[in-house]
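Peer 1: Sequence order for the protein chains is A and B.
Using the numbering used here, you'd call the opening residue of the first sequence number 1 and step up by one each time.
Using the numbering used here, you'd call the opening residue of the second sequence number 1001 and step up by one each time.
The following block contains the structure, expressed as structure tokens.
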Amino acid sequence: MTDANRQTLLASLPSSFDTGPDWLRVLRGRAADALREQGLPTKRTEAWRFTPVRSLVETEFSVDDRGVPSLVSALPDGVSVRHLAEVLEGQPELLQARLDLGGVPSHFAALNTALFRDGLWIDVPPDTLASEPLEISHRIPTSREPGVVYPRVLVTLGEGAELTLIETYSGTESGQLSNAVVEVDLGRNAKMSHVRVHENAGLQVGRVDVRQAADSRYRSTVITLGGALLRFDVRCLLQGKGAQCQLDGAYLLEGDDHVDHHTLVEHQASHCQSTQTYRGIVSGKGTAVFDGVVIVHRDAQKTEAHQENRNLLLSDTATVHTKPHLEIDADDVICSHGATVGALDDSQLFYLRARGVPEDLARAMLTYAFLESIVDRVSHDATRARMREALLARIPYGEEIRGVT
Amino acid sequence: MLKIEDLHVEVDGKPILKGINLEVEAGQVHAIMGPNGSGKSTLAYVLAGRDGYEVTKGRVTYKGRDLLEMPPEQRAAEGVFLGFQYPVAIPGVSNIYFLKAALNAIRKHRGEAPLDAIDFMKLAKKKAALVQLPDELTKRSVNDGFSGGEKKRNEIFQMAMLEPSLAVLDETDSGLDIDALKVVAEGVNGLRAPDRAMLVITHYQRLLDYIVPDVVHVLIGGQIVRTGDKDLAKRLEKEGYSEVREASRL
């Protein structure tokens, strides 16, 4: 790759889309039109106020084709994993109306829609229970020049199907951008546990879009272990009566890390439940953003929605922007939201020290315990153990703490 | 073992302790009794090294060394133990493994090898039985979801594990019914030893029926106004603190 191939993200949009099925060309065309019209976000775009997005918008990247995630676990019985490019070539009708992000996407998601070349389609047929987790890995390729990848994943669970999906995102150094879109479509009564681990990557923008039919369950745990600029948006549309989603997140920032979590849960049907619990620890000059929105539509009676974001600041130069909020149009609902930003609890710290635990170790134990409570919610044993290890590897005295908690 | 001389302590600029003098020998149990607000807990926290308690005058010597210079973990390593009036819950930190970290830090300080997992668990089982602390509680997060009585038993369990030279027990009886009180007191009595001193802080005489002290001090208004033997506690129970307060002014 040479400099000649490098362009800003917007400039890399082609003027027309000539390959693939008609519906995809239309989809890509609309995404590109929307982008040309709106542009990419700036500091003045409300949802991007705290995200240092300028560096992404102005940098010239070369498009890198190595953005397809790889399957790193065995394939659970009954689950199929296919390349999007292959399906689009041979049976495009299977994907029609499933890659549209529920309407015209905007910003980075639109960019992905316009430009992704391949990706994975994970399908679990009705009533199939995947007993072991399926794991895919997104490794942002190393390159001497700034490159951009557009990973695209579609997950479909038929009625009554169950799946645990683990996604790991890891990179090597800053400068490489991953702009990922994951779409999840849950049929009636389907159950999905979705674990995402983002490890020290340079630049990541990610969008997870979940559509839930009646009585489906979606549980997401995202563990974010620092990075130069990470921005994640999760949207859950509770479309069928009695659907439930649980969004949990733990983030650990240091140095100049910037991590942005945006969630949007839309209660469109009655008797749905949603909970969001995000916890983060920020040290150094790190900046964390949590922006969570719950929208309860007028017909979504008997909704129950809870949102909580708690942060520990471990240095004077660390920053947290937190904004959980609710927009409620129904009257028969139970909703709560809250946010805290604080330091370690002095009385807990003193208790540990008074028993003989050295101060630094006591601090590390409390720090770990704060995030571990999120990891604890992962129900699959081996996965939970791995998440713990990932956290311990990042926390001072991890070795000592391994035996302590 | 412990020598407190003319100790003055302020909290947020407000004088709380106003010249405490106290000497505790190895093997002795001293009780400190006093009404609410007399400075009992302040004394306990100062001895354990909590932040926010400013010593403006006086000194505290422990085994011949300046106690006030040491950070809390060093005091613990040197054998000082504080049994908290309100033990803190620490969700996410397991009781038993935290205690292992504490015990091994103390052993390291003494130049002893760390206990391995098997020996540690054996010891823990034995000590937990001493205060009838169920196994399952030792494994839960520190004091998380424990009842009042379980928290206090957990304190004495930890004390039994750490085998301190000087135990300061701050209102160990508060919030306990009579059965729980007996269990806790038996646990404490089992730890009385010729090389161990205890400072038992309490509001009520009741606890001292079960943990019989060698010396009783009455703390009022930040000063020790009376010192006597165990009968002083009985008299206090009958006459109340106001009588003693009046008498001490004579």
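Think of the CB as a built atom: it goes at the ideal place given N, C-alpha and C, for glycine as much as any other residue.
#1: Indicate the three-state DSSP secondary structure (helix, strand or coil) for A:SER178 in the structure shown.
#2: Taking B:LEU1073 as the query, report the chain A residues whose CB atoms sit under 7 Å from its CB, ordered along the chain.
#3: Suppose the cutoff is 8 Å on Cβ atoms and the five residues either side in sequence are ignored; what does the same chain contact list for B:HIS1109 look like?
#4: For the alpha helix (DSSP H) that contains A:LEU120, what are its first and last residues?
#5: Between which two residues does the beta strand (DSSP E) harbouring A:ARG217 extend?
#6: Any C-beta of chain A sitting closer than 7 Å to the C-beta of B:LEU1250?
#7: Helix, strand or coil for A:THR19? Go by DSSP, reduced to three states.
#8: Since A:LEU371 and A:LEU391 should fall inside the 8 Å C-beta cutoff, what is the C-beta to C-beta distance between them, to a whole number of angstroms?
#9: Using 10 angstroms around the beta-carbon of B:GLU1023, count the other beta-carbons present and answer buried if the total reaches 16, otherwise exposed.
#10: What are the partner residues of A:GLN38, as DSSP defines its beta bridges?
#11: When you compare only the Cα positions, how much space is there between B:GLN1223 and B:LEU1017?
#12: Three-state secondary structure (DSSP) at B:HIS1008?
#13: Compare the beta carbon distance of A:LEU95 and A:VAL87 with 7 Å and say whether it is the shorter of the two.
#14: Pull up the distance between the alpha-carbon of A:GLU83 and that of A:LEU134, whole angstroms please.
#15: Is it buried or exposed, A:PRO126, if we count other Cβ atoms within 10 angstroms and call 16 or more buried?
#16: Please go through the same chain and pick out, in chain order, the residues whose beta-carbon is closer than 6 Å to the beta-carbon of A:THR340, but skip the five residues on each side of it.
#17: Can you give me, in chain order, the residues of the stretch 1003-1022 of chain B that have a beta carbon less than 8 Å from any beta carbon in chain A?
#18: To which residues does DSSP link A:PHE116 through a beta bridge?
#19: Could you please tell me which residues of the stretch 362-378 of chain A, in chain order, have their CB closer than 9 Å to any CB of chain B?
#20: Compare the C-beta of A:SER315 against all C-beta atoms of chain B and say whether one is closer than 7 Å.
#21: Answer yes or no: does any C-beta atom of chain A fall closer than 7 Å to that of B:GLY1092?
#22: So, at 8 Å on beta carbons, what are the nonlocal neighbours of B:PRO1072 in its own chain, with the 5 sequence-adjacent residues on each side left out?
#23: DSSP beta-bridge partners for B:LEU1133?
#24: Using a C-beta to C-beta distance shorter than 7 Å, which residues of chain A count as neighbours of B:ARG1196?
#25: When you compare only the Cα positions, how much space is there between A:THR168 and A:SER70?
#26: Determine, using beta carbons only, whether B:ILE1201 comes closer than 7 Å to chain A.
#27: Take the Cβ of A:ALA393 as the centre, count every other Cβ of all protein chains shown within 10 Å, and call the residue buried at 16 or more, exposed below.
#28: Specify the secondary structure class of A:ASN309 as computed by DSSP and reduced to three states.
#29: Report yes if the C-beta distance between A:LEU177 and A:LEU203 is below 7 Å; otherwise report no.
#30: Which residue marks the beginning of the beta strand (DSSP E) containing B:ASN1021, and which one marks its end?
#31: Would A:ALA243 and A:SER216 qualify as a contact pair, given that the criterion is a beta-carbon distance under 7 Å?
#32: Candidates B:LEU1176, B:LEU1103, B:ILE1118: which alpha carbon is nearest B:LYS1151's?
#33: What residue from B:SER1141, B:PRO1087, B:GLN1132 has the CA that sits closest to A:GLY376's CA?
#34: Checking the sheet assignment: what are the DSSP bridge partners for B:LYS1182?
#35: Thinking C-alpha only, which one of A:GLY255, A:HIS258, A:GLU266, A:GLU254 is nearest A:LEU247?
#36: How many angstroms separate the CA atom of B:VAL1088 from the CA atom of B:VAL1216?
Peer 2: On the basis of the data shown:
#1: In the three-state scheme derived from DSSP, where H, G and I count as helix and E and B as strand, A:SER178 is classed as strand.
#2: It should be noted that the sequence gives Glu, not Leu, for residue 1073 of chain B. ARG353, GLY356, VAL357, PRO358, GLU359, listed in chain order.
#3: Hits under 8 Å: GLN1074, ALA1077, GLU1078.
#4: Going by DSSP, A:LEU120 is part of no alpha helix (DSSP H) but of the beta strand (DSSP E) stretching over 120-124.
#5: 217-238
#6: Any reading at B:LEU1250 needs caution, since the residue's pLDDT is 47, under 50, leaving its predicted position unreliable; the model's value is listed next. Taking Cβ atoms only, chain A never reaches closer than 7 Å to B:LEU1250, which makes this a no.
#7: coil
#8: 6 Å
#9: Exposed: under 16 other Cβ atoms inside 10 Å.
#10: Note: A:GLN38 sits in no beta bridge, so no partner.
#11: 6 Å
#12: strand
#13: yes
#14: For clarity, residue 83 of chain A is His in the given sequence; the question names Glu instead. Looking at the two C-alpha atoms, the distance is approximately 15 Å.
#15: exposed
#16: Within its own chain, the residues whose Cβ lies closer than 6 Å to the Cβ of A:THR340, once the five positions on either side in sequence are excluded, are ARG310, listed in chain order.
#17: none
#18: Looking at the DSSP assignment, A:PHE116 forms no beta bridge with any residue, so it has no partner.
#19: ALA362, MET365, LEU366, TYR368, ALA369, PHE370, LEU371, GLU372, SER373, ASP376
#20: no
#21: yes
#22: ALA1048, GLY1049, ARG1050
#23: DSSP, once it has assigned bridges, lists no residue as partnering B:LEU1133.
#24: Residues of chain A passing the Cβ test: none, with the nearest at roughly 16 Å.
#25: 10 Å
#26: no
#27: exposed
#28: strand
#29: In contact: A:LEU177 and A:LEU203 (Cβ atoms closer than 7 Å).
#30: 1014-1024
#31: Yes; because the gap between Cβ atoms is below 7 Å, this pair is in contact.
#32: B:LEU1176
#33: The question names Gly, yet the displayed sequence has Asp at residue 376 of chain A. If we check each option's Cα against that of A:ASP376, B:SER1141 comes out closest.
#34: In DSSP, B:LYS1182 forms no bridge with anything.
#35: A:GLU266
#36: 28 Å
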